[in-house]
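Structure record follows, encoded as structure tokens.
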Amino acid sequence: MVVIIALSGCDSLFHLSQVHAPAPDAPPGPAITGCPMYGSSVGDRDGDGIGDACDPDPDNTAQPDCFVMVTTFALPDNLTGWTGWSNTNDPWTYCTDPANKVCSPAASMYSALYHDKALVDVEQVSFAFHILNLAVNADTVVEVGAKLTQGASGDVTGRLCGLTPSGVAITDRTDGNPNNTTNSSSTITYDIGTEARIDWKPPTCAVTALGAAGSGSATTSSQDSSRGQLIAIRNRSTDIIVEWVAAYSKTCPQ
Ligand SMILES: [Ca+2]
Ligand SMILES: [Ca+2]
């Protein structure tokens, strides 16, 4: 019964189709340490507080890495601080199976999930998910980006990294001119249902399937086409379970 009540309340919240003007950076809170997305972490070789299992630079010696955001979408915080959008007005919701994860709008052609706070100095954003569909369509896209904004259409504008019909790719998106894929290179063969992780650390976009499905990457040499300071994930023509999203920076919150 508790779950039913929670779902009802959040459905109405996540019908919102517009992200409000990003709030300024929140006052610094406690530093995020370990690997919250994995529940625990063993080892921290470089002593920067980020566990080896989720440290993008586990042997750094000069500047420390820091988390600026980690969301595991676990209750009770779940989708707080995130705003969903889809072109069919279907909501992002908590999954009923598995519980405590976020499911994309079913049957939505285009959808995005925006982090509500502007985040500066993000150097890497990582995103883990499962694809649920039995067949990936020719126009299936699962992407993540930082330095984004929400365009007038409600869809993402800015540079994204992830899976596209042409494989792992880096895509610049603008309203009215939605796709300009740069330096698409590696292909990836997917096992549907396998957890995959996207790591976007400009200029490199890497997708790793955590099962037996392989990995791929693409690299761009073009200038960053940043349009804002929002992090968002985006998917098209597929259903996904969102596992976690994390943002890293060399500039640690003071
Ligand atoms: Ca570390
Ligand atoms: Ca490190």
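Throughout the sequence shown, residue numbering follows this note's numbering, covering 6 to 259 in sequence. Just so it is clear, CB atoms sit at the ideal spot from N, CA and C, and this is done for glycine as well.
Original post:
I55: beta carbon under 8 Å from a heavy atom of ligand 2?
Top reply: Yes, the Cβ of I55 comes within 8 Å of a heavy atom of ligand 2.
Original post:
In three-state terms, what does DSSP make of M114?
Top reply: Correct three-state label for M114: coil.
Subject >> Buried versus exposed call for P29 [16 or more other C-beta atoms within 10 Å across all chains shown] >> reply: Because the pLDDT of P29 is 49, which lies under 50, any placement of that residue in the model is unreliable, and the question is left without a value.
Original post:
When the Cα atoms are used, what is the spatial distance from K122 to S158?
Top reply: Straight-line Cα distance between these residues: approximately 20 Å.
**OP:** Can you have a look at G150 and say buried or exposed, based on whether 16 or more other CB atoms are within 10 angstroms of its CB?
**Re:** G150 should be labelled buried.
Original post:
Which of the three DSSP states, helix, strand or coil, is assigned to C257?
Top reply: Under the three-state reduction of DSSP output, C257 falls in the coil class, being neither helix nor strand.
**OP:** Kindly indicate which residue of T85, L235 and N138 has the alpha-carbon position closest to the one of E200.
**Re:** With distances taken between Cα atoms, E200 lies closest to N138.
**OP:** Using 10 angstroms around the beta-carbon of L80, count the other beta-carbons present and answer buried if the total reaches 16, otherwise exposed.
**Re:** Exposed, by the Cβ-count rule.
Subject >> One or two residues paired with D204 in a DSSP bridge >> reply: When DSSP reads this structure, D204 sits in a beta bridge with S131 and A211.
Original post:
So, using beta-carbon positions, are W87 and L118 closer together than 9 Å?
Top reply: A contact, by the Cβ cut-off of 9 Å.
Original post:
For F5 versus I238, is the C-beta spacing smaller than 9 Å?
Top reply: Since the first and last residues shown for the chain are 6 and 259, residue 5 lies out of range.
**OP:** Jot down the residue ranges of each uninterrupted beta strand (DSSP E) in the stretch 46–87, minimum 3 residues, whole runs only, in chain order.
**Re:** Counting only runs of 3 or more, we get 71–76.
Subject >> Length-filtered (3 minimum) beta strand (DSSP E) runs lying within the stretch 229–256 >> reply: The qualifying runs are 235–241 and 245–254.
Subject >> Nearest-angstrom Cα separation, counted from S109 out to N83 >> reply: In a straight line, the C-alpha of N83 is about 14 Å away from that of S109.
**OP:** Compute the minimum distance between the beta carbon of P207 and the heavy atoms of ligand 1, and state whether it is under 8 Å.
**Re:** The beta carbon of P207 sits no closer than 8 Å to any heavy atom of ligand 1.
Original post:
Among G181, G39 and A251, which has the Cα closest to the Cα of I203?
Top reply: The residue with the shortest Cα to Cα distance from I203 is A251.
Original post:
When the Cα of I245 is compared with those of Q234, V47, E148 and G156, which residue comes out closest?
Top reply: If we check each option's Cα against that of I245, E148 comes out closest.
**OP:** Give me the Cβ distance between K206 and D70, rounded to the nearest whole Å; I'm assuming they're in contact under 8 Å.
**Re:** About 11 Å separates the two Cβ atoms, so there is no contact after all.
**OP:** May I ask which residues mark the beginning and end of the beta strand (DSSP E) holding I175?
**Re:** Start and end: G172 to T179.
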